[in-house]
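Each residue of the sequence shown is one higher than the last, beginning at 1 in our numbering. From the three backbone atoms N, C-alpha and C, an ideal C-beta is built for every residue, glycine too. Take a look at the structure below.
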Amino acid sequence: MTLADSSLTLPSVGGACNDGSMATSSATMVGRGAELARLHDTFERSAAGEPQAVLVSGEAGIGKTRLLSTFGEEVSSRANVLVGQCIDLGSTPTPYGPLIPVLRGIVAGMGAEAALSAAGPGRDALLLLLPELGDGPVNADEVSAARLREVVVVLIEEYAERAPLVLMIEDLHWADASTLTMLRFMLRAITGARLLLVLSLRNEDVRRGHPVREFVIEGERARLLERIELDRLDRDDVRELVEQILTRPVDADALERVVDRAEGVPFYVEELACCSDGPMPETLRDLLLARYDQLDESAQRIVRVISCAEGWLTHPILSAVAGMADDELDAAIRLAVQANIITLGADSYRFRHALLREAVYEELLPGERGRLHLAFATTLEQHPELAPSPAAIAHHWHAAHDSRRALAASVTAMDAAKDAYAYATASRLGELAIELWDGVPDAEEVTGTTKVRLLARVGSALRNAGEGERALATVSAALEEAERTPQPAAVQVRLLRDKAQYLANLGRPGSIELLTDALAMFATGAGEAGELEDDRLRAELLNTLAARYMVAGRSHEAIVTAREAYELAEQSGDDAEMSIAANLSGVSRDALGDVAGALDDFAVAGKHAVTENSFLRYSVNYSDLLLNEGRYREAVEVARAGYERARELGVERSSGTMLLHNMVDPLLLLGDIDEAEKLITRSLAMNTLLVFQAYAQKTKIEALLWRGELAEAESRARDWLPALRAIGAVERQVWYALADAEASVAVAAGDIPAAWRVFERVLADPGPIMLGYHRRALLLAATVVSRLRVSPGDLGADDVAAAAAAVQASWQAMPDAVRTAEWTRIIDAALAIPDAAAVDRLEAAHDAAAHESLPATVPPFLCLQLARALVDAGDRARARELLQSAAKAASALSHIGLQREVADYASAAGLEENDAAGPLGLTARERQVLELVADGLSNRQIGERLFISAKTASVHVSAILRKLGVATRTEAAVAAGRNPRT
């Protein structure tokens, strides 16, 4: 196996001790046996085909890198080991910085041709990251973020097929947002490869609110990331480490000084061990600079030069910036390496520890710092092929205080980052450009853009980076700037559109008003003549407004707006906008109960869905319409076809996520929990937009409840219901999903009154009704009412009756197209009191329960309800048959909740076993009643406990007294006590 690794620590020559001898770092690792064993254990699991991810965390200098390098060396004979390192570039980190060397290692191991072949449709995405593999520049506009993520995973999985793969990412605390997004995706998307992902993290650099902290919390909460926390060494370990470094025993006084000053941090121990005989620095900074101070002037200069660089610094750049003769440069580097300050790569250099670099960098005088950054910026700009990234050039110009060039470089780097879908990096570079703008008199000439357009671009990058608040603030600043400076009307229109989208992303009101204002500019002819004659832009705005109306449940307005958009798009020949307009109209007409009209609209939408975006939007919304109409199998097939198209287009993990969700919902209604769970797992692995994540988490909660895993469902509900509430404030269908999730969790937890209170709010809400979602909500509400009759909690009989009446009234108000005969029978039966008088109604509902438009959980539920009524009517034999049928159906569905509900009632009703007479001549049911009599319960209380009427309980008590030959309940209880078998 090969060891493809550019950052494992090389054996150091050593630094000079006060006695003139040379001391080396510890030859073997000390005090990390348990942690190393855990890494080996995870490696064995990963090598067996179960991917693993481990986070090695601890404070600076605790030995994370040493642990990883030791582990890497030990497994290198059995696995390919690749290492990437995150670099501290302040506000301008390199997008995907640590992943580039990993990909290069994979390409080196597989061969360029094999890697490009494995990349398949993602070839261009790979070339965007590794341009040296291609013949020329790649058009970034043709590479999607989804495809970029996909090709990285594909290459990792392909390489792991050849041999187990250990992938190490060091210094996660400096990771750029693009790298975090990729790692988050990898954690969920890679499910069958022989991969061990090892991350290292400096704890003190990741405080509350830090994106890396959120990444770690998310990974640990989802049980995707196992943490190995490195603690400080104890006294014995410190002694062993010091003696290894000095290669001789250490006296008690010297050891005491090291123990007191190093406090068990291995890096500090190593530093102090070489200086233990003399006076020690009083601060950490002095400690870190101890070896640096021992270098000669040339070596110190070269170390200071390297401190200005990001991560690994190649020799050509160092040579150009240092301005030294080759011999002098080589001698200086050799001394720095011997002092264990600088580590060697193949043709590059870096500091042995980030703390050393920070300490040396602080030693630079202000003028010296500026000159060095200027030298770096000039060199990299003259030789861009040597630059780690455009962001590095911007960083150096900014640090050199050349605002004009820093502005130009930051805008160029921002565009490059956006082309690579590294939106977080792009946004930080853009914000740097905004900060510099007013200090550069000819900023427009330098950048080739205006401040308003720059603000708009930065706002877009922030939005795509998930920084909704900052995106909103930036586009608001752009609008203010547009008011101060003359701008084309089309620019103002687009800014209003952007602000509307950013408000919607934050779940805030105002989007519709902004879009209305933007459209009003067309109507009033704002700006100079001809400025707003773009029918395509107006059609796009109208469709955007129609979409906001649609998700808000304002269906009538959505239809009118979408039709206007359709007419404009038709005039300009824009098929895509025509398709989207017909699509939005169809969804809204369906929400109003006009099913035939909705299907007509979707026929038009499908005909004009000629672009990727319009086809995928058609697939999403048409499959949702079929779901609302109870055509579940068709809904699955339409969504599946759209999903396959998304995969072909390389956008499986963007638009494809919603199509996955639109397969999951009908599969759950069909009762196919196994297939649904597979798709839920795949959907959660995508980790894309918040609204998509919220949908996926909602269906995950539903699947967990289905499987009877209440604790995890409740945990996810606590994490994700707030997000659903925020989105539900502006998206009505999410509002319904929230109610479904809240009520379902409450039912599973046995808190039926709490479940009813959810639907009490739903029925009382004055907001618009979306009929397809409302119909399913009423069905669930009816089942909640039926459970209230058994477990009313703190609700009285009048409260339960009022609940049933409220659901019935809402159902009666539904249009005939939605209120079909089958659904009416089911809801009426669920709302009925399950007694002898309701047997006929429940029989009719039981016959209708198998209709294809009804969820697969309805038949076993109706069996249970009918069995309750038959028990009350005295037909226990038929009730037993129905309970057995219900149990069988619930078992076939693998629905643990239903299985438990049926089993609990069968047990309470005494129908889970033969009623033959037992000890003292009592049947199983009579023995249950006798136990409750002995507990002092009244007939009414016995009936409530056993789900039978008080009258039936009285009959059982009379039979017990007769069989036991006693006259009172007390005597019966005594008789029961004399015979423990009762």
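Shortest alpha-carbon distance to L616 belongs to which of G597, R589, N662, D574?
N662
Where DSSP assigns a beta bridge to I342, which residues make up the other side?
F351
Range of the contiguous beta strand (DSSP E) that encloses V166
165-170
Examine chain E for any beta-carbon lying closer than 7 Å to the beta-carbon of V54, and answer yes or no.
Absence of chain E from the displayed structure is noted, only one protein chain being present.
Name the DSSP beta bridge partners of T314, please?
S348
Is I228 helix, strand or coil when you go by DSSP?
strand
Span of the beta strand (DSSP E) holding G105?
Taken as a continuous stretch (DSSP letters only), G105 belongs to no beta strand (DSSP E), being part of the alpha helix (DSSP H) at 99-110.
Assign G527 to one of three DSSP states: helix, strand, or coil.
Confidence at G527 is low in this model, with a pLDDT of 44, below 50, so its placement is unreliable and no value can be given for it.
From the DSSP output, which residues share a beta bridge with R202?
G58
Residue burial classification, K64 (beta-carbon count within 10 angstroms, cutoff 16):
buried
Continuous beta strand (DSSP E) stretch holding Q85: start and end:
80-85
Can you give the Cα-Cα distance for A112 and C86, rounded to whole angstroms?
25 Å
To the nearest angstrom, how far is the alpha carbon of P316 from that of A399?
21 Å
Contact defined as beta carbons within less than 8 Å: I believe L318 pairs with V305. What is the distance between those atoms, to the nearest angstrom?
7 Å
Name, in chain order, the residues that DSSP records as bridge partners for A591.
Paired residues: none, contrary to the question.
Range of the contiguous alpha helix (DSSP H) that encloses D124:
123-129
Note down, in chain order, each residue of its chain lying with its Cβ closer than 7 Å to the Cβ of V242, except the 5 sequence neighbours on either side.
V250, L255, V258, V269, A273
Three-state secondary structure assigned by DSSP to L669:
helix
Kindly indicate the opening and closing residues of the alpha helix (DSSP H) around W720.
710-728
How would you call P509, buried or exposed, if buried means at least 16 neighbouring beta carbons within 10 angstroms?
exposed
DSSP state of V974 mapped onto helix, strand, coil:
helix
Are L289 and S57 closer than 7 Å when you measure CB to CB?
no
So what's L472 in DSSP terms, helix, strand or just coil?
helix
Would you report the Cα separation of H401 and A394, rounded to the nearest angstrom?
11 Å
Per DSSP, L983 is paired with what?
No statement about residue 983 is possible, as the shown extent of the chain runs from 1 to 982 and does not include it.
Identify whether A53 lies in helix, strand or coil by the three-state DSSP scheme.
strand
Can the beta-carbon of S348 be found closer than 7 Å to that of T314?
yes
Have a look at S298 and R457 and give me their C-alpha separation to the nearest angstrom.
46 Å
Taking DSSP as the reference, what is the three-state secondary structure of V440?
coil
I need the DSSP call for P488, collapsed to helix, strand or coil.
coil
Closest to L380 by C-alpha separation, out of T485, H396, G367, would be which residue?
H396
I896 to A392, Cα distance in whole Å?
56 Å
Would you check if there are 3 or more beta carbon pairs closer than 8 Å linking the segment 205-222 to the segment 172-182?
yes
Under 8 Å: do the segment 885-900 and the segment 808-819 share three or more Cβ pairs, one atom per stretch?
no
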